[in-house]
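Beneath this line is the structure, given in structure tokens, with notes to follow.
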Amino acid sequence: MTQLRIPAVYMRGGTSKGVFFKADDLPSDTQLRDKILMRVIGSPDRYGKHIDGMGGATSSTSKVVVMSKSSRSDCDVDYLFGAVAVEKPVIDWSGNCGNLSAAVGPYAISAGLVEAPTHGLATVRIWQANIGKRIIAHVQMHAGEVQETGDFELDGVAFPAAEVKLEFIDPASDEGESEGGAMFPTGNKIDTLDIPGLGKIEVTLINAGNPTIFVEAASLGLDGTELQSDVNGKTEILKLAESIRAHGAVAMGLVATTEEATEKRPHTPKLAFVAKPKSYIASDGKSVSAQSIDMLARIFSMGQLHHAMTGTGAVAIAAAAAIPGTIVRRVAPVGDDGRVRFGHPSGSLSVGAQAVEHEGQWSVKKVLMSRTARRLMEGWVRVPAN
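So the mapping is simple: the working numbering equals the position in the sequence shown, first residue as 1, plus 6.
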């Protein structure tokens with residue numbers, strides 16, 4: 007039996023990794039495309055290890071990206087992201103990956119999808135096709151190539167690299183613009199969900215970056231300083247988190263039933279929990295002091311606690327912190343500069359939002375964030391032809 011040979015680049019973006027493809031190198035039939043992409047990653051894997059594929063058997067490393075030149079006048083490239091389930095034959099195309107967004111600009115330049123200056127900063131205008139939003143990436147160039155090495159340190163990544171500055175333009179949904187409708191799809195900044203086995207809890211349901219559900223850590227019986235080892239593998243906590251996420255998905259109008267949320271839409275909405283600052287020891291052993299952060303934040307991704315923070319989760323935090331009346335704002339009001347620094351399992355991150363109020367209605371014009379990205383491998387991936 008022969009194997010297909012498909013051009014691909016394996017890239018790290020932020021605290022995630024994924025396999026990048028040009029759309030022209032994949033079948034136009036989306037069902038066939040998805041079968042190939044799942045086989046590249048190694049899913050579905052009943053052992054949960056991704057031994058026979060490029061995936062890493064975690065939500066941060068089981069990802070694919072499909073890229074093409076954009077037909078839009080205000081964008082250079084179209085970026086489509088897929089979250090590949092490890093043990094199920096599912097690719098969830100419902101949301102963006104904010105971390106891999108940092109790799110999109112560098113990939114587009116290196117792949118010849120967009121022109122860039124020989125030196126200085128290249129600006130890549132990205133159309134995020136999953137959620138219908140624009141992202142602007144500012145990529146450092148040196149001698150005609152993307153500058154990937156540097157001294158910018160990102161908590162959750164072991165080695166420094168060149169900074170990639172990202173602008174998430176108008177990241178919060180407007181009424182009727184996308185799935186879930188408005189930035190606050192229920193019209194409320196705080197809602198109450200009735201969760202079986204738990205009771206009523208307060209949540210903020212927001213469409214920003216990706217659809218996201220915020221709860222206070224205490225609602226889960228947690229304090230906000232948890233690391234992956236404190237949560238992952240704890241069946242009761244994970245089941246409770248998924249129940250809240252699924253009920254939130256129904257309340258946001260993203261699915262009709264909680265079962266649909268769990269089986270067919272595992273990627274979004276995300277569930278995050280927040281708390282007021284406390285000192286804690288991060289996953290690499292360093293101390294994060296309460297005085298160095300404005301709040302604590304953790305997020306679940308594909309059924310597990312994330313090892314750091316999803317990029318779109320950071321976007322949602324920035325947006326929610328900028329708007330009075332949300333759970334995030336109640337925990338940590340933003341500073342005068344519009345920025346908020348939160349502690350996550352791997353360290354801390356600062357994000358900023360430009361929010362404005364008009365006639366009692368809030369909108370978020372952009373969210374600013376810095377990440378890093380690097381090509382890890384380039385060449386071809388092989389998948390069995392059948």
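For glycine and all other residues, C-beta sits at the position ideal for the given N, C-alpha and C.
Using only the alpha-carbon positions, how far apart do residue i and residue j sit?
i    : j    : result
H253 : Q153 : 44 Å
G182 : V261 : With a pLDDT of only 43 at G182, under the threshold of 50, the placement of this residue in the model should not be trusted, and no figure is reported.
A288 : G162 : 10 Å
S74  : A135 : 11 Å
K240 : I201 : 19 Å
L311 : R304 : 7 Å
A89  : E363 : 34 Å
E1   : K371 : An answer regarding residue 1 cannot be provided, because it is not within the stretch 7 to 392 covered by the chain.
K139 : G205 : 36 Å
A188 : E266 : 21 Å
P283 : K28  : 43 Å
R377 : G215 : 15 Å
S352 : V340 : 22 Å
S79  : K171 : 22 Å
V209 : P123 : 46 Å
D229 : D236 : 11 Å
F357 : R11  : Note on identity: in this sequence residue 357 is Val, with Phe being the wrong assignment. Their backbone Cα atoms lie some 40 Å apart in a straight line.
Q234 : A296 : 20 Å
G331 : K195 : 6 Å
I115 : L226 : 44 Å
G349 : Q367 : 29 Å
G111 : I132 : 8 Å
V294 : S285 : 6 Å
F190 : L211 : 6 Å
V346 : D31  : 41 Å
D98  : M258 : 17 Å
M308 : K94  : 11 Å
V46  : G59  : 5 Å
L86  : E169 : 23 Å
T21  : V321 : 15 Å
F26  : R380 : 12 Å
For residue i, count neighbouring Cβ atoms within 10 angstroms of its own Cβ and tell me buried if that reaches 16, exposed if not.
i    : result
K276 : buried
R271 : buried
R393 : Residue 393 falls outside the range modelled here, since the chain spans only 7 to 392, and no answer is possible.
L382 : exposed
N102 : buried
S249 : buried
K245 : exposed
Q9   : exposed
D84  : buried
H125 : exposed
S49  : buried
I57  : exposed
F165 : exposed
D343 : exposed
W386 : exposed
N213 : buried
N392 : exposed
Q4   : Residue coverage of the chain in this structure runs from 7 to 392, which leaves residue 4 outside it and unanswerable.
G54  : exposed
D157 : exposed
E242 : exposed
L127 : exposed
T67  : buried
S298 : exposed
Across which residues does DSSP place residue i in a beta bridge pair?
i    : result
S354 : G349
H148 : E151
T364 : Rather than Thr, the amino acid found at residue 364 in this sequence is His. DSSP lists Q367 as partners of H364.
D84  : S74 and W133
M383 : Y16
S376 : K171
M301 : F348
Q310 : S307
R388 : R11
E208 : T198
K23  : R18
Assuming residue i and residue j are in contact, meaning their beta carbons sit under 8 Å apart, how far apart are those beta carbons, in whole angstroms?
i    : j    : result
T129 : H144 : 6 Å
D51  : V92  : 6 Å
A178 : A63  : Not really, about 33 Å apart at Cβ, beyond 8 Å.
V280 : A328 : Wrong, their Cβ atoms sit about 14 Å apart, outside the cutoff.
A247 : F174 : 25 Å between Cβ atoms; not a contact.
G19  : A109 : 3 Å
Y113 : M17  : 6 Å
K69  : K23  : 7 Å
T274 : P217 : 5 Å
V373 : A359 : 5 Å
V120 : E384 : That belief does not hold up - the Cβ atoms of V120 and E384 are roughly 17 Å apart, past 8 Å.
Problem set entry | Whole beta strand (DSSP E) elements within the segment 216-266, 3-residue minimum | 216-222
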